[in-house]
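**Q** Here it is, the structure in full.
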Amino acid sequence: MSTEQSKSPPSSTVARVAIAGIVFAAWGCASAAIAASDVAPPGRAIGYVVTTIAPAVYETTDAKVECPNGLNKLGPREQFKILFPEDGSKKWKVIDSQLVRESEVWFPSMVPDQFPFIEAIGKTAIGLDLDGKVKPTDFTSPEGKPGVDNQLYRVIGCLLNYRSGASIRNSEKDFFQNYAFNRIFIELTDVDSIVNDDDVTITSYRGLDPIMRDAANGFQPGGTERVDARWGKEYIHHAKGKIVDGVLTTGPMDYIIPQQIAYESAASSVTRDARFELKLTPERAEGVIGGYADIDSFYRRTNRGWATHHLSYGQQVSPLVYRALRRNADAYPDPKTGENTAISAAYSVKMVQVRVLHPEKEVADVTGVQAVEQLAEGK
Amino acid sequence: MHFLRNVLGVAGIAFAVATNAHASSASLNARGLKEDYVRAPLPPGFQVVNTELEGPVFADAQGRTLYKWPKKQMRNGDAGEVEEKPTCDNHIYRETGGYMSPYPAGLELPEVESRPSCVDVWPPVLASADAKPIGKWKIVTRLDGRKQWAYGGWSLYTSIMDKKPGDVLGGSAMFHHGESAAQRHPVGPEPNVPPQFEINTTMFGRLAVLHEGWSIYTYEGDGRNKSNCAGACLDGWAPIIAAEYARPVGEWTTFERALGVRQWAFRGMPVYRHLTDPKINSLDGGDIPRWHNVYTQMAPEPPKGFTLKDTAVGVVLGDSDGRTVYQYVCDDDAPDQLACDHPNAPQAYRFAICGGGDPDRCVKTFPYMIAPVGAKSGNTIWGTMYIDPKTGKKADADKPGALNVWAFRGRPVYTYVVDKKTYEMNAQDWGEFNGQRNGFRALVYRLVFG
Chain A
1 MSTEQSKSPP SSTVARVAIA GIVFAAWGCA SAAIAASDVA PPGRAIGYVV
51 TTIAPAVYET TDAKVECPNG LNKLGPREQF KILFPEDGSK KWKVIDSQLV
101 RESEVWFPSM VPDQFPFIEA IGKTAIGLDL DGKVKPTDFT SPEGKPGVDN
151 QLYRVIGCLL NYRSGASIRN SEKDFFQNYA FNRIFIELTD VDSIVNDDDV
201 TITSYRGLDP IMRDAANGFQ PGGTERVDAR WGKEYIHHAK GKIVDGVLTT
251 GPMDYIIPQQ IAYESAASSV TRDARFELKL TPERAEGVIG GYADIDSFYR
301 RTNRGWATHH LSYGQQVSPL VYRALRRNAD AYPDPKTGEN TAISAAYSVK
351 MVQVRVLHPE KEVADVTGVQ AVEQLAEGK
Chain B
380 MHFLRNVLGV AGIAFAVATN AHASSASLNA RGLKEDYVRA PLPPGFQVVN
430 TELEGPVFAD AQGRTLYKWP KKQMRNGDAG EVEEKPTCDN HIYRETGGYM
480 SPYPAGLELP EVESRPSCVD VWPPVLASAD AKPIGKWKIV TRLDGRKQWA
530 YGGWSLYTSI MDKKPGDVLG GSAMFHHGES AAQRHPVGPE PNVPPQFEIN
580 TTMFGRLAVL HEGWSIYTYE GDGRNKSNCA GACLDGWAPI IAAEYARPVG
630 EWTTFERALG VRQWAFRGMP VYRHLTDPKI NSLDGGDIPR WHNVYTQMAP
680 EPPKGFTLKD TAVGVVLGDS DGRTVYQYVC DDDAPDQLAC DHPNAPQAYR
730 FAICGGGDPD RCVKTFPYMI APVGAKSGNT IWGTMYIDPK TGKKADADKP
780 GALNVWAFRG RPVYTYVVDK KTYEMNAQDW GEFNGQRNGF RALVYRLVFG
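Going line by line, the protein sequences match chains A and B.
Okay, so the first sequence: first residue is 1 according to this note's numbering, each after it adds one.
Okay, so the second sequence: first residue is 380 according to this note's numbering, each after it adds one.
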């Protein structure tokens, strides 16, 4: 038996997970006391793994307010039938029909076609004020905050695929939760309190562990996430933030959202200047991530993950969406053309607490254990 | 050191460093070693050829690899064959079959005037009148009444893409995805392994796994037929125990690791399972120093100048600058499911996806990987060919504008103009149905996530 064997990751990981579990079980049992006494989490750090994340869509009953003319109804399948009718009048060729339609997905033109695209209207949208200004195009949040920057909502608000109950939205949620590629989490460090702390650091990561669930398949706090320091480097970003009355707000950072769905696809989209606004508890975090979605990566992510077949379920025609994204883009102008390359966006997000295991150190370290011991001793 | 070891953990390392001066555990994966297979009787005129990527395959007397065409369920119906019922015939299909939603059947196929029939591309392996079945080799009757060889029930064909013994260009055991067409697979003899092991084709080589799919490993700290993994080592590694009735099979033997407890060994080295491998066919255990996955034979390395690099999905092939290397995937939508992924096939599919129908835009968006003049790969998997970029088809070397390009399994490979950083693979899944029907897919050597 060589000495390196005793240091092999499996055994140490097991030990680390076990100790981390003990640490957080103790902290979790005392969570009410923590909230009341406003103390630091173990090691002055707390992690939250993302359980659901989706573009934020403010929905009214039957979409009457935001889509008074209804949702988009002519999807890829319907448009194809109109453009290439099977009435015997003409023999259609693959090269002039199917391949033209598919090539437009990957090389969308800015020239409008004959089909309309319905954008969301109304004054209300979920999101954040990204620029500190109240502009005519801005929305007001459902809670009444003005200046909400979320032009992505105009683009997707009347597309069935992005609304609650849609098959793609539900599938994407399932795939996000179940595929290891999609495991992203945040860690807050330098935390003296998750109720009030004017200086914390937020770091985004990709993780290597599944989300802990209970017997009813619900997500449970107290799990662990090992940092994916090798394959997930592009997901690591930092920003500063503060916690006021249990709500975390952060400064801007790039945020990468992975998407692996069935059929082994694997794509990510980039959100520039992403800011987090999350209500924190020792067990969970929930709120909004606002930022500027890079249009090309957002668009590619959609089409790499979902084929025209899938998008047809929600009457989503990719080139029409692309033109709408470009029309409503409001940030990151191209230095050469001046055209905006990003669009303000908001994602609704839910997270559950995890202990973060960093590869370069034992996580259930002395500091963490001491914190629990001190807590138990009432110090 | 073995080239697999060199690519793990560090991005963008060239393949050049390859030799392994380490212990026997690693050298059992040495190049030049070939996979053993079960020597079952063959009908006259057939042989087994050891191929560089797919391992041992059956071939006809001329050395042409034999293939089967199993039925596959697609979005709108099934294509392919069921056992003992050959359907690949000389009918020339002119229209799509409508297998792939949302497009309807009945669209005229590209280059329809010169479109071959199924048997033009996949000649059936015909049986003579006096042929006799033997073992899993059976004789089935074609729709035209002629007799055809079948193996394990699957009717057998050769591919017109294969030109010499060892070529397996018509199909592969790899690259089958959820939305892929009903593709052809090479057919070969059973690997000569004990029942609890299997062999899978991978880009690194023929990977030995347990029957359930879990990878097996060897340890440099072990001796020949001697395990030194004990105590804490066993927290991470489980010896593969041999049952009392187990007997040696080919290169697989057993030894007594403790009183009355026997462990399997491959080429004399004890084998283990890595207990924290997150998925089957994993290479994760090989990241741990002195531990190695087990291969019955190694695959050829890509040509000099290619790199392996870490990305968000795992280890992917890159060019000399680390840009992701893609292969183009295409099968048409006719009932015979002919491939359109190579330069002899209609290029309209690829031009639509790589350049909106414009060949010039294709070259700018998905540039061919240019090969140095006179470049040789030294194997049958990688090669070069001259391509006319205006047509996408093969060209003579002296044709003006012709490009000398690298090809993997007889198909050109590409990079994507948007990829800048080594971890980027922005064209993965690019094209129809996640790039699995008409599109681009990265050459992934190690899929960690997925």
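Note that CB positions come from ideal geometry on N, CA and C, so glycine has one too.
Flag B:Val704 as yes if its beta-carbon sits less than 9 Å from any beta-carbon of chain A, otherwise no.
**A** Mapped onto the second sequence, residue 704 of chain B falls at position 325. Answer no: the Cβ-Cβ gap between B:Val704 and chain A never drops below 9 Å.
**Q** With 9 Å set as the bound, which would you pick, yes or no: does the beta-carbon of A:Pro76 sit closer than that to a beta-carbon of chain B?
**A** Translated into the one-based positions of the first sequence, residue 76 of chain A becomes position 76. Output row for A:Pro76: interface = yes.
**Q** Could you name the residues that DSSP lists as bridge partners for A:Tyr292?
**A** Taking the first residue of the first sequence as position 1, residue 292 of chain A is located at position 292. A:Tyr292 pairs with A:Arg272, A:Ser344.
**Q** How far does the alpha helix (DSSP H) with B:Arg740 in it reach, from first residue to last?
**A** For the purposes of this step, residue 740 of chain B is taken as residue 361 along the second sequence, with counting starting at 1. Run containing B:Arg740: 738 to 744, per the alpha helix (DSSP H) assignment.
**Q** What residue does the beta strand (DSSP E) around A:Lys242 start on, and which one ends it?
**A** Residue numbering aside, residue 242 of chain A sits at position 242 when the first sequence is read from its first letter. That run of the beta strand (DSSP E) goes 237 to 244.
**Q** Buried or exposed for B:Arg820, going by 16 or more other Cβ atoms inside 10 Å?
**A** Looking up residue 820 of chain B in the second sequence gives position 441. Classification for B:Arg820: buried.
**Q** Could you tell me if B:Ala400 is buried or exposed, where buried requires 16 or more neighbouring beta carbons within 10 angstroms of its beta carbon?
**A** Within the second sequence, residue 400 of chain B is the residue found at index 21, counting from 1. With a pLDDT of 32 at B:Ala400, under the threshold of 50, the modelled position of that residue is not reliable, and the figure given next carries that caveat. So B:Ala400 ends up on the exposed side.
**Q** Mind the definition here: the segment 308 to 324 of chain A touches the segment 96 to 108 of chain A only if three or more C-beta pairs lie below 8 Å; say whether that holds.
**A** Flag = yes, the segment 308 to 324 of chain A and the segment 96 to 108 of chain A touch.
**Q** How big is the Cα-Cα spacing for B:Thr466 and B:Ile518?
**A** Translated into the one-based positions of the second sequence, residue 466 of chain B becomes position 87. Translated into the one-based positions of the second sequence, residue 518 of chain B becomes position 139. Their Cα atoms are separated by approximately 15 Å.
**Q** My understanding is that B:Asp601 touches B:Pro649, with C-beta atoms under 8 Å, so please give their C-beta distance in whole angstroms.
**A** Sequence index remark: in the second sequence, residue 601 of chain B carries index 222 (1-based). Sequence index remark: in the second sequence, residue 649 of chain B carries index 270 (1-based). Their Cβ separation, rounded to whole angstroms, is 5 Å, which keeps B:Asp601 and B:Pro649 in contact under 8 Å.
**Q** Across the segment 449 to 466 of chain B and the segment 527 to 545 of chain B, are there enough close Cβ pairs to call them in contact, namely three or more that are closer than 8 Å?
**A** With the cut-off at 8 Å, the segment 449 to 466 of chain B and the segment 527 to 545 of chain B touch.
**Q** If I measure Cβ to Cβ from A:Asn72 and keep anything under 6 Å in the same chain, skipping five residues before and after, which residues do I get?
**A** The residue labelled residue 72 of chain A in the question sits at position 72 within the first sequence. These residues qualify, in order along the chain: Ile118, Cys158, Leu159, Gln315.
**Q** Would you tell me roughly how many angstroms separate the C-alpha atoms of B:Asn817 and B:Cys733, rounded to the nearest one?
**A** What you label residue 817 of chain B is simply residue 438 of the second sequence in a count that begins at 1. What you label residue 733 of chain B is simply residue 354 of the second sequence in a count that begins at 1. So the two alpha carbons sit approximately 10 Å from each other.
**Q** Are the beta-carbon atoms of A:Ala324 and A:Leu128 separated by less than 9 Å?
**A** In the first sequence, the residue the question calls residue 324 of chain A occupies position 324. In the first sequence, the residue the question calls residue 128 of chain A occupies position 128. No, these two residues do not count as a Cβ contact at 9 Å.
**Q** Beta carbon of B:Glu433, beta carbon of B:Val547: below 9 Å?
**A** Within the second sequence, residue 433 of chain B is the residue found at index 54, counting from 1. Within the second sequence, residue 547 of chain B is the residue found at index 168, counting from 1. The answer is yes: Cβ separation under 9 Å.
**Q** Throw me the rounded Cβ distance for the B:Ile760 and B:Pro679 pair, which I believe falls under 8 Å.
**A** As a working note, residue 760 of chain B is residue 381 in the second sequence. As a working note, residue 679 of chain B is residue 300 in the second sequence. That belief holds up - the Cβ atoms of B:Ile760 and B:Pro679 are roughly 5 Å apart, short of 8 Å.
**Q** When Cβ atoms are compared, which residues of the segment 317 to 340 of chain A fall closer than 8 Å to chain B?
**A** For the segment 317 to 340 of chain A, which is checked against every Cβ of chain B, not one residue is closer than 8 Å.
**Q** Looking at the structure shown, is A:Ala180 part of a helix, part of a strand, or coil, going by DSSP?
**A** Numbered from 1 along the first sequence, position 180 holds the residue referred to as residue 180 of chain A. Three-state DSSP puts A:Ala180 in a helix.
**Q** Please check if any C-beta of chain A sits within less than 9 Å of the C-beta of B:Asn805.
**A** As a position in the second sequence, residue 805 of chain B is number 426, starting the count at 1. At least one chain A Cβ lies under 9 Å of B:Asn805.
**Q** Kindly list, in the order they appear in chain B, the residues whose Cβ is closer than 8 Å to that of A:Gln98.
**A** As a first step, residue 98 of chain A is located in the first sequence; it is residue number 98 there, counting from the start. The contacting residues are Thr475, Tyr482, Leu486.
**Q** By the DSSP assignment, the beta strand (DSSP E) with A:Ser204 in it spans what residues?
**A** As a working note, residue 204 of chain A is residue 204 in the first sequence. A:Ser204 -> beta strand (DSSP E) spans 197 to 206.
**Q** For A:Arg154, is the classification buried or exposed, using 16 other Cβ atoms within 10 angstroms of its Cβ as the cut-off for buried?
**A** Indexing the first sequence from 1 puts residue 154 of chain A at position 154. Classification of A:Arg154: buried, given that the 10 Å Cβ count is 16 or more.
**Q** For A:Pro258, would you say it is in contact with chain B, using Cβ-to-Cβ distances shorter than 9 Å as the test?
**A** The count along the first sequence starts at 1 and reaches residue 258 of chain A at position 258. It does; some Cβ of chain B falls within 9 Å.
**Q** Taking 9 Å as the threshold (beta carbon to beta carbon), is A:Val94 in contact with chain B?
**A** Counting from 1 along the first sequence, the entry for residue 94 of chain A is found at position 94. Yes, its Cβ sits closer than 9 Å to a Cβ of chain B.
**Q** At what residue ranges does the segment 444 to 494 of chain B contain a whole run of the beta strand (DSSP E), taking only runs of 3 or more?
**A** If we require 3 residues or more, the beta strand (DSSP E) runs fully inside the segment 444 to 494 of chain B come out as 451 to 453, 456 to 458.
**Q** With DSSP as the reference, identify every bridge partner of B:Ser534, one or two as the case may be.
**A** Start at 1 with the first residue of the second sequence, and residue 534 of chain B comes out as number 155. The partner list for B:Ser534 (beta bridge, DSSP) reads B:Ala529.
**Q** Taking only three categories from DSSP, how would you classify A:Gly43?
**A** Residue 43 of chain A sits at position 43 when you count from the first residue of the first sequence. It is helical.
**Q** Using C-beta distances below 7 Å, list every residue in its chain close to A:Gln380, excluding the 5 sequence neighbours before and after it, in chain order.
**A** There is simply no residue 380 of chain A to check, as chain A begins at 1 and stops at 379 in what is shown.
**Q** Would a check of beta-carbon distances place A:Gly207 closer than 9 Å to chain B?
**A** By one-based count along the first sequence, residue 207 of chain A stands at place 207. Chain B contact via Cβ: absent.
**Q** Using 9 Å as the limit for Cβ to Cβ distance, is A:Thr189 near chain B?
**A** Working through the first sequence from its first residue, we reach residue 189 of chain A at position 189. No, A:Thr189 does not count as interfacial toward chain B.
**Q** How far does the beta strand (DSSP E) with B:Arg790 in it reach, from first residue to last?
**A** Position 411 of the second sequence, counting from 1, holds the residue named residue 790 of chain B. First-last of the beta strand (DSSP E) with B:Arg790: 790 to 793.
**Q** Return the residue from the list B:Pro725, B:Lys769, B:Val436, B:Leu826 that minimises the CA-CA distance to B:Pro746.
**A** Here residue 746 of chain B corresponds to residue number 367 of the second sequence, with the count starting at 1. It is B:Lys769.
**Q** Which complete beta strand (DSSP E) runs does the segment 607 to 649 of chain B hold, if anything under 3 residues is left out?
**A** DSSP runs (the beta strand (DSSP E)) wholly in the segment 607 to 649 of chain B: 616 to 618, 631 to 637, 640 to 645.
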